[in-house]
Amino acid sequence: MRPDLDDPDLPLSRLFDRWPATAAVFLTRRMLCPGCPIAPFHTVVEACAEYGLDEDEFRRALRLLAGI
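Residue 1300, in the numbering used here, is where the sequence shown stops; the numbers in between run on with no holes.
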């Protein structure tokens, strides 16, 4: 089954595996998620909450770089 970028339960590690370009969205916001040992357990929802980011805006940026 292919991962769904909008799945709220999608682990960040799977996001980076499927859409590697999306790591830039995290890095430009100074997020340490790419390469973090917790990435297999965290989601976009949790990362946005942790960094105080608007999830809808963040997901739009992810979709843009993922080509979706």
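For glycine and all other residues, C-beta sits at the position ideal for the given N, C-alpha and C.
Item                                                                                                                           : Value
Report buried or exposed for residue 1291, applying the criterion of at least 16 other Cβ atoms within 10 angstroms of its Cβ. : buried
Select from 1253, 1234, 1267 the residue whose C-alpha is nearest the C-alpha of residue 1298.                                 : 1253
I'd like to know whether the C-beta atoms of residue 1242 and residue 1271 end up nearer to each other than 8 angstroms.       : no
What does the alpha-carbon distance come out to for the pair residue 1273 and residue 1248?                                    : 13 angstroms
Can you tell me where the alpha helix (DSSP H) with residue 1241 in it begins and where it stops?                              : First-last for residue 1241: undefined, no H or E at that position.
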